[in-house]
Amino acid sequence: MSRRQKTLKTLHRLRHLLALGGIGLLTGCQLPAVSGQPPGGGASYPTQPTTDVLTGPVPVARVIDGDTVWVKTEGGDSKIRLIGVDTPELVDPRSPVECFAREASDYTKSTLTGQLVYLENDPTQDSIDRYGRRLAYVWTLDGRLLNFDLINEGYATEYTYGTPYRYQQQFRDAEAAAAAQERGLWSPKTCAAQR
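Residues -11 to 183, numbered by the numbering used here, are exactly what the sequence shown covers, in order.
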């Protein structure tokens, strides 16, 4: 299959998913269920909430790096920092680009660019961090939790700031699985060799 054919096939799937997402919104349905083992194996996938506790769907305006994105909301654009996740630094003016930062950013870009997402707050966490970013979990229309996927695929580490959060144990299990299976930044061919 040519690159053009793959692109067209992907676009067709995206249109189909967007149409299904719209139908779900009109009927008040829950996100599609994602259960069992995530891609790559390891930790069990978090159970997604019903759409009545989520904000959205909202369009992703742009991706800053692996764990920070901008979304368009009714009140204007909002900068979102993913809860429970720490990707290597890409755009911090105080430090050089860290190992696997570009890959983490590219993963988030490939997952979210041009997409609609749901945002989930966590009552155990502050709404806004010290940099003015809204703290949230980011769910895709097909029921994937980006925060978890970044950790599980080895693009990020689990990060607890202050108090435990809703998906903390699943994120820690995902990190352990990614490290054990040497995925992403845990691979001896990438960042693990620098530890």
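All C-beta atoms in this analysis are idealised placements derived from N, C-alpha and C, irrespective of residue type, glycine included.
Measuring only the C-alpha atoms, how far is residue i from residue j?
i: R122; j: I116; result: 4 Å
i: N135; j: V73; result: 6 Å
i: E170; j: E91; result: 15 Å
i: L129; j: L42; result: 12 Å
i: K60; j: E108; result: 15 Å
i: I68; j: W58; result: 6 Å
i: D80; j: F88; result: 14 Å
i: T147; j: R154; result: Per the sequence shown, the amino acid found at residue 147 is Tyr instead of Thr. The alpha-carbon atoms of Y147 and R154 are separated by roughly 13 Å.
Give every residue of the same chain whose Cβ lies closer than 7 Å to the Cβ of residue i, excluding the five residues on either side of it in the sequence, and list them in chain order.
i: T15; result: Because the pLDDT at T15 is just 35, under 50, the model does not fix this residue reliably, and the point stays unresolved.
i: W127; result: L19, Q36, L42, V105, Y106, E108 and L133
Please name the residue in the options whose C-alpha comes closest to that of residue i.
i: T39; options: G131, Q156, F88 and T151; result: G131
i: Y33; options: Q158, A165 and A166; result: Q158
i: D114; options: T178, S98, P152 and P84; result: P152
i: I184; options: G44, S93 and Y125; result: Outside the shown range of the chain (-11 to 183) lies residue 184, about which nothing can therefore be said.
i: D110; options: T178, Q156 and Q182; result: Q156
Please list, in chain order, all residues of the same chain as residue i whose beta carbon is under 6 Å from its beta carbon, the five residues on each side excluded.
i: W174; result: G142, A166, A167 and A180
Going by other Cβ atoms of all chains shown within 10 Å of its Cβ, with 16 needed for buried, is residue i buried or exposed?
i: P176; result: exposed
i: S66; result: buried
i: T96; result: buried
i: R172; result: The amino acid occupying residue 172 in the given sequence is Gly; Arg does not appear at that position. Buried.
i: T112; result: exposed
i: G150; result: exposed
i: G64; result: exposed
i: E163; result: buried
Excluding the five sequence neighbours on either side, which residues of its own chain have a C-beta within less than 8 Å of the C-beta of residue i, listed in chain order?
i: L138; result: G54, D55, L70, V73, T75, A92, Y95, T96 and A144
Quiz item: Using 8 Å as the Cβ pair cut-off and three pairs as the minimum, do the stretch 86 to 105 and the stretch 38 to 53 touch?
Solution: Contact check between the stretch 86 to 105 and the stretch 38 to 53: three or more CB pairs, one atom from each, fall below 8 Å, which counts as touching.
Quiz item: Are the stretch 53 to 61 and the stretch 134 to 148 touching by the rule of at least three beta carbon pairs closer than 8 Å?
Solution: yes
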